[in-house]
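K.L.:
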Amino acid sequence: MRGRVHTEYRRLGFFAVETEDHDFSIIEVRSGLPSLGDELVGELNSLGEKQLYNDTTLEKLDLSIKFIHLIRDDVKRAIIDAVRGK
1379 MRGRVHTEYR
1389 RLGFFAVETE
1399 DHDFSIIEVR
1409 SGLPSLGDEL
1419 VGELNSLGEK
1429 QLYNDTTLEK
1439 LDLSIKFIHL
1449 IRDDVKRAII
1459 DAVRGK
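Counting in our numbering, the sequence shown runs from 1379 upward without gaps.
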């Protein structure tokens, strides 16, 4: 699955990715650092620890997918909840 980095809370390591299905996943990046607009490839529609490929920068990202199948209106609240560990 492909997705595009839509929202970033870079300082905290959290990003919202808009998937090709037009929903959103919230990721917490452990290594590597995507930027707004970067194209990510990998298993964006399931929770847990993953390794995605940044097709824009040609690097691998180690991350955790915290939320999946969100609508745009829920992205900001989901990132706040993820930061707080909910």
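C-beta atoms are modelled at their ideal positions from N, C-alpha and C, and glycine is treated no differently.
Would the beta-carbon of residue 1450 be found less than 7 angstroms away from any heavy atom of the ligand SAM?
P.N.:
Ligands in the displayed structure: none, and consequently the ligand SAM is not present.
K.L.:
When burial is assigned at 16 or more other CB atoms within 10 Å of the CB, is residue 1403 buried or exposed?
P.N.:
By the 10 Å Cβ count, residue 1403 comes out buried.
K.L.:
Can you grab the Cα-Cα spacing for the pair residue 1460 / residue 1444, in whole Å?
P.N.:
Each residue's alpha carbon lies about 7 angstroms from the other.
K.L.:
According to DSSP, is residue 1380 helix, strand or coil?
P.N.:
Of the three classes helix, strand and coil, the one that applies to residue 1380 here is strand, per DSSP.
K.L.:
Within a Cβ cutoff of 6 angstroms, which residues of the same chain sit near residue 1390, ignoring the five residues on either side of it in sequence?
P.N.:
Excluding residues within five positions, the ones whose Cβ falls inside 6 angstroms are 1461.
K.L.:
Can you tell which of 1382, 1463, 1447 has its C-alpha closest to the C-alpha of residue 1423?
P.N.:
Measuring from the Cα of residue 1423, the nearest candidate turns out to be 1447.
K.L.:
Can you look up residue 1411 in the DSSP assignment and give me helix, strand or coil?
P.N.:
The answer is coil: DSSP assigns residue 1411 none of H, G, I, E or B.
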